[in-house]
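Visitor: Residue numbers (the working numbering), protein chains in the order written: chain A, 204 to 610; chain B, 204 to 610. Let me give you the structure first, and then I'll get to my questions.
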């Protein structure tokens, strides 16, 4: 028998054992290099992609970015390093000394001792000019390359930061995370706009149904969270949801992300609204303190500004209804108290002929029912809201919508 | 114009404003109550479900659980509180005083002053007897109720803890989180076992394809992560993946979760293996320190013990190949260096007639290509491995496999 504590001891002894491999030269990300204090000429290695090249008579300036931050690291090299290969988009490895920069715009710069081009890039073939700040709409044609622009770089770093913040908020508030299913036999919201799932035609035996029942992509994790809130009291999920909606509007996607929470023993909408407000504030504060430059870039060059203003001035959730609509973005939050009384629910299901299919849902009210409620937050809409991004397709890495499923 | 810092100020002033509603009586989760130090008779409110009732001549003992921990809170009440409603499974709200417990098994107990039954439960109708520890296989028939057992409660709390730990590990290591798409037009691994996605037959116009191209559920986020590693250097995703595999084995699911990472500028398999090892250790240490009782329960009552022993004694990753197979569980990790050379890749794609479809993938090598690599970790297999759970269907809230898509 190998108990938990014995496993823990094994892992601990592993992690304190000295690493057998020789320690490599200090490799820094651009973010780490930019934040280095007391840079007194330590030798470091930085890897990334060239964002710009400026060649003077005796000196060559490169800006190198590796996606760890919006800002690039300035590399200063002797002009005899210059070559056609050192061009926008090329990947490089630079060895050198990290020193204080005489320029105002940055704290440190890297005095190059060796520059190795890892992979070439011919800027003439690259589909957009970096400095021309191509419109977001144009960039959507290149889902494999747009992440290399400042704009998408900032948006996706914020998306990553907000994702981590949402997980932290719920964990710190005592919620249990649940992976609600993507494929479901519940036809959750009744009528259409569902995607159906079947084994690819290559392998399908036509008469057979893989799951024995028709199966769909989830439109909400609510019912599954209700199951779990009867065991864990406070639960949340954060995953993809789907609508087969025939819309190419700037507000809709066929695949988008929802944060959903369900809470047992709630007494009023106020209880729910407190959690929603906590979630919004906590995530936004974390984003603003961890990537202020990225948010600033979005506000400066993309947001007309109104949305954020309108939103903040509304005084969050100080309204009677629990749906929160944001001008220009749509419904950001929707929440409600659920019907917890067995007989009411039974009647409603019976009148719709759904008693048998939803006996399990009735069971939740038969065995220790509690007043409960929950809410959903559209994650892309949240990002649009805090960043002021007009089109939902620009805040998700690979947008899917009618007539479009690139990559 | 409403900048990031102004928004931050607004949020900060919000959060320090006094709450207008009257402060409710101290409401504690069972976990919080059990951890209370210096319990000197503070008045508290606890809500949860009755796990057991023991009635003595003058005293009534209830154990109340709310899913926040494996352990229940002992409630001690005068025997005149006794009633038929106070039975296994009923939901209750208990007001009382938190005091030191004379019993050895717990630090504190709740001396009840008021017990309110919120929702009844008739134990005769409940499909399993709690104390009989029904086998996991039997419990699978009741996906809406099994989470109320100790076994599934522990497993799902560990799953939640591991999820949070995985996000933390990557964030702390400087990785950017990417939501790789669920619906994709890439037929990633070539041949079959794909699920195809189409609008539900109710709304489908047969001749039309919603996305204009055939669309499938993802089998891996690797290619999309490769796109992103060309911008952010270190990226990861943690989401559902799918196989339309006709298998009801204890090792396979149609819908399961993968953690995948992709790293630019890697020099060797060692670089990847270091990250894999860090991920495994960091997640496992966090699980073991945050929910030791849950892990212990799994080991004590469910694990035969061999798997963990075999695993730990193998000395993680001290092997030449980067696939890690765990006896009884299957492939836990699989990783590789990718082909970064344009001409090699071009030739291979050409010989398979895929050049046109994968021009975007070639582009990644045309514009600043870098040596890169990545790996995937099966999340359910990871849980099976650390908990010693035999069947993959018992470590996911709602298992989907051939002939089964309950709820």
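Backbone N, C-alpha and C define an ideal beta-carbon position, used for all residues, glycine too. Please read all numbers here as calculations on a predicted model, not as lab measurements.
1. Report the residue from A:389, A:580, A:498 whose alpha carbon sits nearest the alpha carbon of residue 559 (chain A).
2. Below 7 Å CB to CB, which residues in the same chain sit around residue 494 (chain A) once its five sequence neighbours on both sides are set aside?
3. Would you say residue 385 (chain B) lies against chain A (beta-carbon separation less than 9 Å)?
4. Give a yes or no on whether the minimum CB-CB distance between residue 170 (chain B) and chain A is below 9 Å.
5. Could you spell out the range, first to last residue, of the alpha helix (DSSP H) harbouring residue 493 (chain B)?
6. In terms of DSSP beta bridges, what is residue 460 (chain B) paired with?
7. Can you look up residue 516 (chain A) in the DSSP assignment and give me helix, strand or coil?
8. So, do the stretch 425-443 of chain A and the stretch 454-465 of chain A have three or more beta carbon pairs nearer to each other than 8 Å?
9. For residue 458 (chain A), go through chain B and note every residue whose CB falls closer than 7 Å to its CB, in chain order.
10. Using a Cβ-Cβ distance cut-off of 9 Å, determine whether residue 298 (chain A) contacts chain B.
11. With DSSP as the reference, label residue 364 (chain B) as helix, strand or coil.
12. Note the first and the last residue of the continuous beta strand (DSSP E) segment covering residue 575 (chain A).
13. Taking the beta carbon of residue 262 (chain B) as the centre, do at least 16 other beta carbons fall within 10 Å, making it buried, or is it exposed?
14. Thinking just about the alpha-carbon of each residue, which of B:347, B:237, B:281 is nearest to the one in residue 562 (chain A)?
15. If we cut at 9 Å on Cβ distances, does residue 558 (chain A) have a partner in chain B?
16. Is it buried or exposed, residue 338 (chain A), if we count other Cβ atoms within 10 angstroms and call 16 or more buried?
17. Can you list, in chain order, the residues of its chain whose CB lies under 6 Å from that of residue 590 (chain A), leaving out five sequence neighbours each side?
18. In angstroms, rounded to a whole number, what distance separates the CA positions of residue 508 (chain B) and residue 497 (chain B)?
19. Assuming residue 235 (chain A) is part of the alpha helix (DSSP H), what are its boundary residues?
20. What whole-angstrom Cβ distance do residue 398 (chain A) and residue 447 (chain A) have, given they're in contact under 8 Å?
21. Put residue 401 (chain B) into one of helix, strand or coil per three-state DSSP.
22. Helix, strand or coil for residue 554 (chain B) per DSSP?
23. Would you verify that the beta carbon of residue 624 (chain B) is, or is not, closer than 9 Å to some beta carbon of chain A?
24. At the 9 Å Cβ level, is residue 332 (chain A) part of the contact set with chain B, yes or no?
25. Kindly indicate which residue of A:325, A:300, A:344 has the alpha-carbon position closest to the one of residue 230 (chain A).
26. Could you name the residues of the stretch 354-368 of chain B whose beta carbon sits closer than 9 Å to any beta carbon of chain A, in the order they occur along the chain?
27. Under 6 Å Cβ to Cβ from residue 245 (chain A), same chain only, skipping five residues before and after it: list those, please.
28. Buried or exposed: where does residue 596 (chain A) fall if 16 or more other Cβ atoms within 10 Å of its Cβ makes it buried?
29. Helix, strand or coil: how does DSSP classify residue 380 (chain B) here?
30. Identify the residues that DSSP records as bridge partners of residue 257 (chain B): which are they?
31. Between B:239, B:569, B:402, which has its C-alpha nearest residue 311 (chain B)'s C-alpha?
32. Answer yes or no: does any C-beta atom of chain B fall closer than 9 Å to that of residue 524 (chain A)?
33. Give me the DSSP bridge partner(s) of residue 540 (chain A).
34. Where do the ends of the beta strand (DSSP E) carrying residue 281 (chain A) lie?
35. Determine, using beta carbons only, whether residue 567 (chain A) and residue 433 (chain A) come nearer to each other than 9 Å.
36. If we count Cβ pairs, one from each stretch, closer than 8 Å, do we get three or more for the stretch 280-295 of chain A versus the stretch 318-335 of chain A?
Guide: Inspection of the coordinates gives the following:
1. Translated into positions along the first chain, residue 559 (chain A) becomes position 356. Of A:389, A:580, A:498, the residue nearest in Cα terms is A:389.
2. In the first chain, the residue the question calls residue 494 (chain A) occupies position 291. Closer than 7 Å at the Cβ level, and outside the excluded window around residue 494 (chain A), lie 360, 361, 364.
3. Here residue 385 (chain B) corresponds to residue number 182 of the second chain, with the count starting at 1. So, interface residue.
4. What is shown of chain B runs 204 to 610, which leaves residue 170 (chain B) out entirely.
5. Here residue 493 (chain B) corresponds to residue number 290 of the second chain, with the count starting at 1. Taken as a continuous stretch (DSSP letters only), the alpha helix (DSSP H) holding residue 493 (chain B) covers 472-493.
6. Counted from its first residue, the second chain places residue 460 (chain B) at position 257. In the DSSP output, where bridge partners are listed per residue, residue 460 (chain B) has B:443.
7. As a working note, residue 516 (chain A) is residue 313 in the first chain. With a pLDDT of 38 at residue 516 (chain A), under the threshold of 50, the modelled position of that residue is not reliable, and the figure given next carries that caveat. Residue 516 (chain A): helix per DSSP, three-state reduction.
8. yes
9. Taking the first chain and counting its residues from 1, one reaches residue 458 (chain A) at position 255. The answer, in chain order, is 384, 385, 386.
10. Locating residue 298 (chain A) in the first chain gives position 95, where the first residue counts as 1. Closer than 9 Å: no.
11. Within the second chain, the letter at position 161 stands for residue 364 (chain B). Looking at residue 364 (chain B) - three-state DSSP - the assignment turns out to be helix.
12. Indexing the first chain from 1 puts residue 575 (chain A) at position 372. Note, residue 575 (chain A): beta strand (DSSP E), 575-581.
13. Numbered from its first residue, the second chain carries residue 262 (chain B) at position 59. Answer is exposed; the Cβ neighbour count stays below 16.
14. Translated into the one-based positions of the first chain, residue 562 (chain A) becomes position 359. Closest option to residue 562 (chain A), Cα to Cα, is B:347.
15. Mapped onto the first chain, residue 558 (chain A) falls at position 355. Judged by the 9 Å Cβ criterion, residue 558 (chain A) is not in contact with chain B.
16. For the purposes of this step, residue 338 (chain A) is identified with residue 135 of the first chain, where counting begins at 1. Exposed: under 16 other Cβ atoms inside 10 Å.
17. Position 387 of the first chain, counting from 1, holds the residue named residue 590 (chain A). Taken in chain order, the residues that qualify are 501.
18. Taking the first residue of the second chain as position 1, residue 508 (chain B) is located at position 305. Taking the first residue of the second chain as position 1, residue 497 (chain B) is located at position 294. Residue placement at residue 508 (chain B) is flagged as unreliable, the pLDDT there being 49, under the threshold of 50; a coordinate-derived value is accordingly withheld.
19. Position 32 of the first chain holds residue 235 (chain A). Unbroken alpha helix (DSSP H) run through residue 235 (chain A): 233-238.
20. Here residue 398 (chain A) refers to the residue found at position 195 of the first chain. Here residue 447 (chain A) refers to the residue found at position 244 of the first chain. Right, their Cβ atoms sit about 5 Å apart.
21. On the second chain, residue 401 (chain B) is found 198 positions in, with the first residue counted as 1. Looking at residue 401 (chain B) - three-state DSSP - the assignment turns out to be strand.
22. Position 351 of the second chain holds residue 554 (chain B). Reduced to three states, the DSSP call for residue 554 (chain B) is helix.
23. Residue 624 (chain B) falls outside the range modelled here, since chain B spans only 204 to 610, and no answer is possible.
24. In the first chain, counting from the first residue as 1, residue 332 (chain A) sits at position 129. So no, residue 332 (chain A) is outside the interface.
25. Taking the first residue of the first chain as position 1, residue 230 (chain A) is located at position 27. The residue with the shortest Cα to Cα distance from residue 230 (chain A) is A:300.
26. 355, 356, 359, 360, 362, 363, 364, 366, 367
27. For the purposes of this step, residue 245 (chain A) is taken as residue 42 along the first chain, with counting starting at 1. Hits under 6 Å: 301.
28. In the first chain, the residue the question calls residue 596 (chain A) occupies position 393. Buried, since its Cβ has 16 or more Cβ neighbours within 10 Å.
29. Along the second chain, read from residue 1 onward, the residue named residue 380 (chain B) stands at position 177. DSSP places residue 380 (chain B) in strand when its eight states are reduced to three.
30. If you number the second chain from 1, residue 257 (chain B) lands on position 54. Bridge partners of residue 257 (chain B): B:264.
31. Translated into positions along the second chain, residue 311 (chain B) becomes position 108. Answer by Cα proximity: B:239.
32. Your numbering for residue 524 (chain A) matches position 321 in the first chain. Residue confidence is low: residue 524 (chain A) scores 45 on pLDDT, short of 50, so the model does not pin down where it sits. No coordinate-derived value is stated.
33. Residue 540 (chain A) sits at position 337 when you count from the first residue of the first chain. Residue 540 (chain A) pairs with A:576.
34. For the purposes of this step, residue 281 (chain A) is identified with residue 78 of the first chain, where counting begins at 1. Residues 276-281.
35. Start at 1 with the first residue of the first chain, and residue 567 (chain A) comes out as number 364. Start at 1 with the first residue of the first chain, and residue 433 (chain A) comes out as number 230. Yes. Within cutoff.
36. yes
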